[in-house]
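In the working numbering, the protein residues as written are 241 to 719.
One structure is given below, encoded as structure tokens.
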Ligand code: HEM
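Put into structure tokens, the structure is as follows:
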């Protein structure tokens, strides 16, 4: 039986010890890892390549060789996770004190992980235009999206993103030394092209094995679509994170008729101005204090102000569920929706997570939850620090860039009137771009009085590109 691309209950066994079907194995063996599930490593390097069109033959031979020897398939990612799960189980059974001490470690992915992908111009440069995915806006790349997304003009992007970028290789591991060595080996092996830019990513963790957070200090990666049955929680009544394969996988025109699928990857370098964000947060905290007849904001005001901006407290707890982290039910970081906060009195409509995943808010505009869920993206981002600047190398995968990332950025994050036209709720205070209107904030948690306050933009796009992550079969056979 073919793998079902429509079902939301996930593929693979629901029992973590169960087995994949032969069809699932064939599919996972033909698609790259990091699409259906994040690779989870803490360090990565992103090598951007420009091919020499006069040496396309050499470049293609290099690409095929890289794919045969190094690129990680989804099946390899699955098998590695099983090995880790077994070590973890064994260490628990034997009560091995050493394994017990490092109890989280065997569960965490490790070992070099590699992805490779091509931009539309990359397909053309290699003479592979006939194998290029025909998605409407892929051809125009990130440069073609500037006006649709209210991005800064390309002339203001960082220099390396003004070049014509043809391919991207992602190298990841928990050991930064290994990542650097592998990046060098791949760069040295490259034929028919040049590495024109390298971005270095590093996950920020609270403690050695603590959760990952981004530079504003909020836990990240809490909510993402889940594609494997074993990962989908049984009790997810308020919000079902399960997702069908068709949310992430698109047919690879150059791939195998049955198993050849890939995914579109949006790459954006997003600089975070932490001082600006903290200032915004302070301005909002001052308003909250004033509404409570106090002159100076206290810790709770600052916590609540930050949670209003993001939609979650720094530890990931959703602001719509409790006023303060104290005494909150910490077990439900993702099993919630906004049905008990339909007027945005606890979580403002413009809060980052409410703009980017309205969890049913759009049904009041006449759509269905089912439709709304088709706009979801799978985030694969990692933080960076470079010459005193910090930010997020924002990566997300999807089956259709226009319907998913671009829709989310332009029709939700950037739209001041989204969900509530009067008074307009304003831009997403984290990633919204475009026409600034005053945002509306609950004067007190849960009260129906709202106060207007306009915040500055603290995230700035510095460049990016659109890529397609082709199937393993296509890559290995490329000539
Ligand atoms: C969630 C930060 C850029 C889409 C989150 C969360 C944080 C965060 C802290 C909450 C944790 C979680 O639910 O995983 C940031 C920062 C960004 C950024 C600092 C830029 C520097 C973007 C962009 C988009 C986006 C550009 C897409 C347009 C999402 C989505 C979620 C999310 C879909 C999950 C919402 C949910 O399912 O509840 N982000 N983000 N983010 N972000 Fe961002």
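We put the beta carbon where it would ideally sit given N, CA and C, even for glycine.
Check: Exposed or buried, which one is residue 646 when buried takes at least 16 other CB atoms within 10 Å?; Outcome: buried
Check: How many Å lie between residue 703 and residue 397 at the Cα?; Outcome: 5 Å
Check: Kindly confirm or deny that the segment 469-487 and the segment 620-630 touch, where touching means at least three C-beta pairs closer than 8 Å.; Outcome: no
Check: Nearest CA to the CA of residue 263: which residue from 296, 681, 315?; Outcome: 315
Check: Is there at least one non-hydrogen atom of the ligand HEM closer than 8 Å to the beta-carbon of residue 600?; Outcome: no
Check: Heavy atom of the ligand FMN less than 8 Å from the Cβ of residue 609, yes or no?; Outcome: By its list of ligands, the structure shown excludes the ligand FMN, since it contains just the ligand HEM.
Check: If you draw a straight line from the C-alpha of residue 582 to the C-alpha of residue 352, how long is it?; Outcome: 45 Å
Check: Which two residues bound the contiguous alpha helix (DSSP H) that contains residue 592?; Outcome: 592-596
Check: With residue 354 as the anchor, note down where its beta strand (DSSP E) starts and where it stops.; Outcome: 353-358
Check: Just to confirm my understanding: we take residue 696, look at its own chain, exclude 5 residues before and 5 after, and list those with CB closer than 7 Å. What are they?; Outcome: 516, 520
Check: Can you give me the Cβ contacts of residue 295 inside the same chain, cut-off strictly under 6 Å, excluding the 5 residues immediately before and after it?; Outcome: 432
Check: Any heavy atom of the ligand HEM closer than 8 Å to the Cβ of residue 587?; Outcome: no
Check: Below 8 Å, is the gap between the Cβ of residue 460 and the nearest heavy atom of the ligand HEM?; Outcome: yes
Check: Closer than 8 Å to a non-hydrogen atom of the ligand HEM - does that hold for the CB of residue 440?; Outcome: no
Check: Could you tell me whether the Cβ atoms of residue 309 and residue 274 are closer together than 9 Å?; Outcome: no
Check: Terminal residues of the continuous beta strand (DSSP E) containing residue 632?; Outcome: 629-638
Check: Between the segment 581-598 and the segment 658-669, do three or more beta carbon pairs fall short of 8 Å?; Outcome: yes
Check: Mind listing, in chain order, the continuous beta strand (DSSP E) runs of no fewer than 3 residues lying wholly within the segment 411-478?; Outcome: 433-442
Check: In the DSSP assignment, the alpha helix (DSSP H) including residue 610 goes from what residue to what residue?; Outcome: 609-613
Check: Three or more beta-carbon pairs under 8 Å between the segment 610-622 and the segment 632-647, yes or no?; Outcome: yes
Check: Label residue 216 either buried or exposed according to how many other C-beta atoms from any shown protein chain fall within 10 Å of its C-beta, with 16 as the threshold for buried.; Outcome: With the chain covering only 241 through 719, there is no way to say anything about residue 216.
Check: Express the C-alpha separation of residue 462 and residue 338 in angstroms, rounding to a whole number.; Outcome: The predicted position of residue 338 is uncertain, since its pLDDT is 43 and thus under 50; no value can be drawn from it.
Check: Could you tell me whether any non-hydrogen atom of the ligand HEM is closer than 8 Å to the CB of residue 628?; Outcome: no
Check: Find out if the Cβ-Cβ distance for the pair residue 287, residue 411 is shorter than 9 Å.; Outcome: yes
Check: Please go through the same chain and pick out, in chain order, the residues whose beta-carbon is closer than 6 Å to the beta-carbon of residue 437, but skip the five residues on each side of it.; Outcome: 288, 400
Check: Beta-carbon within less than 7 Å of residue 585's beta-carbon, same chain only, minus the 5 sequence neighbours each way: which residues are those?; Outcome: 682, 686, 687, 688
Check: Would residue 710 and residue 492 be called neighbours here (beta carbons separated by less than 9 Å)?; Outcome: yes
Check: If you measure between the beta carbons of residue 691 and residue 506, is that distance less than 9 Å?; Outcome: no
Check: In this structure, what does DSSP give as the bridge partners for residue 285?; Outcome: 411, 440
Check: Quick one: Cα of residue 322 to Cα of residue 471, how far?; Outcome: 13 Å
Check: Quick one: which unbroken beta strand (DSSP E) runs of 3-plus residues sit fully inside the segment 487-536? Chain order, please.; Outcome: 501-512
Check: If you follow the beta strand (DSSP E) that residue 624 is part of, which residue opens it and which one closes it?; Outcome: 622-626
Check: According to DSSP, residue 582 sits in a beta bridge with which residue or residues?; Outcome: Residue 582 is not bridged to any residue.
Check: Please tell me whether residue 434 and residue 293 are closer than 9 Å, where the distance is taken between their beta carbons.; Outcome: no
Check: Starting from residue 290, follow its DSSP beta bridges and name the residues at the other end.; Outcome: 434
Check: If contacts are defined as beta-carbon pairs under 8 Å, then residue 469 and residue 656 qualify, I think. What distance do you get, rounded to the angstrom?; Outcome: Going by Cβ atoms, the distance from residue 469 to residue 656 rounds to 39 Å, so no, they are not a contact pair.
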